[in-house]
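To start, the structure itself, in structure tokens.
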Amino acid sequence: MNEGTATHERMDPATEVFVAHRNLLFTVAYEMLGSAADAEDVLQETWLRWTGVELDAVRDRRAFLVRITTREALTRLRTLRRRKESYTGPWLPEPLLTAPDVAEDVELADSVSMAMLLVLETLAPTERAVFVLREVFDLGYDEIAGAVGKTPAAVRQIAHRARNHVTARRPRGNPSPAEARDALDAFRQAVETGDVRRLLDVLAPDVVLLTDGGGVVRAALAPVVGADRVTGVLGRLTARATLQPVQINGQPGLRIRLTGEADSVLAVRIDNGRITGLYAVRNPEKLARIDLETPVSR
1 MNEGTATHER
11 MDPATEVFVA
21 HRNLLFTVAY
31 EMLGSAADAE
41 DVLQETWLRW
51 TGVELDAVRD
61 RRAFLVRITT
71 REALTRLRTL
81 RRRKESYTGP
91 WLPEPLLTAP
101 DVAEDVELAD
111 SVSMAMLLVL
121 ETLAPTERAV
131 FVLREVFDLG
141 YDEIAGAVGK
151 TPAAVRQIAH
161 RARNHVTARR
171 PRGNPSPAEA
181 RDALDAFRQA
191 VETGDVRRLL
201 DVLAPDVVLL
211 TDGGGVVRAA
221 LAPVVGADRV
231 TGVLGRLTAR
241 ATLQPVQING
251 QPGLRIRLTG
261 EADSVLAVRI
271 DNGRITGLYA
281 VRNPEKLARI
291 DLETPVSR
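When you line the sequence shown up against full-length UniProt numbering, it's residues 1 to 298, in that order.
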């Protein structure tokens with residue numbers, strides 16, 4: 001490639017900055033929204049606003065992009081909350097098929113896990129934004145204040161309140177990747193072989209199964225609670241299901257096929273070596289992207 005061609009193909013400065021921070025911006029938007037499709041829409045809006053900015057006037061370009069993304073995500077989050085109120089059955093975040101190395105960043109893997117995203121759903125929009133920016137990405141209070149339109153003092157109070165709220169509801173144990181894989185392997189083998197006793201051994205007595213069909217495909221319209229009831233539901237999969245291990249939202253998960261056809265993605269919550277939460281996403285709209293690996297990064 002000659003020098004003229006290289007210069008022609010080189011990105012302009014605004015595009016270069018945006019691409020350099022794109023993974024960060026996507027993760028901020030996804031953790032605020034729980035939807036990869038909506039996060040991509042937020043990034044598109046961020047890009048459109050970014051192209052209208054005078055680049056030389058921006059001192060901290062990363063902070064500026066995070067501020068645009070956060071404000072766009074907050075606007076969309078309020079719309080999504082109204083949409084979820086009329087959702088058919090349990091609502092679950094859109095699953096991400098993540099690269100194995102995401103799990104090496106324990107803090108990030110925990111923050112995008114299905115269990116944590118459901119905890120974040122219990123926060124008010126501004127609380128969620130502050131928590132994500134402060135606890136996950138370690139942004140300063142002044143920087144967050146600019147993103148959410150509050151004073152730094154107010155952001156400190158919101159951060160404290162959100163942290164206490166999340167701490168009281170987050171998973172009790174934080175299993176290592178090896179422990180999570182072991183529990184999931186035992187679960188998979190028990191389901192595929194129909195071994196009820198082994199399944200009861202790996203499920204916590206108060207395990208909860210949530211299935212998200214979105215009113216499009218068949219799914220339980222209420223949580224299924226208790227090891228016996230969950231085992232009864234899972235027993236119907238035996239002999240018809242193929243469970244493929246995958247990395248979902250930074251954690252070991254399963255892709256389920258029934259009689260060869262893609263059916264659902266299953267994420268789990270593990271506390272003290274036993275499965276306490278099962279999250280089955282069956283809504284086809286939420287599975288459309290699952291074959292596209294979506295990197296998440298700081």
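C-beta atoms are modelled at their ideal positions from N, C-alpha and C, and glycine is treated no differently.
Burial state of residue i (16 or more Cβ within 10 Å)
i           : result
residue 81  : exposed
residue 249 : buried
residue 72  : buried
residue 114 : buried
residue 95  : buried
residue 247 : buried
residue 10  : exposed
Same chain, Cβ closer than 8 Å to residue i, five either side skipped, listed in chain order
i           : result
residue 132 : 28, 31, 32, 111, 120
residue 43  : 22, 25, 26, 29, 69
Reduced DSSP category for residue i - H, G, I as helix; E, B as strand; rest coil
i           : result
residue 290 : coil
residue 59  : coil
residue 242 : strand
residue 118 : helix
residue 15  : helix
residue 143 : helix
residue 210 : strand
One or two residues paired with residue i in a DSSP bridge
i           : result
residue 264 : 256
residue 136 : Residue 136 is not bridged to any residue.
residue 275 : 203, 270
Own chain residues within Cβ distance below 6 Å of residue i, not counting five before or after
i           : result
residue 34  : 93, 117
residue 279 : 92, 114, 210, 267
residue 126 : 148
Other residues of its chain near residue i: CB distance less than 7 Å, five sequence neighbours each side excluded
i           : result
residue 49  : 68
residue 134 : 144, 159
At least three beta-carbon pairs within less than 8 Å, the segment 150-158 to the segment 243-261
No, because fewer than three Cβ pairs between the segment 150-158 and the segment 243-261 fall closer than 8 Å, the two stretches do not touch.
I'd like to know if the segment 204-219 and the segment 276-289 are in contact, where contact means that at least 3 CB-CB pairs between them fall below 8 Å.
In short, these stretches touch, since the Cβ pair count reaches three.
Could you tell me whether the segment 181-196 touches the segment 164-173, where touching means 3 or more Cβ pairs closer than 8 Å?
No, they do not touch.
Would you say the segment 184-201 touches the segment 224-244, given that touching needs at least three Cβ pairs under 8 Å?
Touching, yes, given that three or more Cβ pairs across the two stretches are closer than 8 Å.
Counting beta carbon pairs with one atom in the segment 9-27 and one in the segment 253-270, are three or more of them shorter than 8 Å?
Not touching, per the Cβ criterion.
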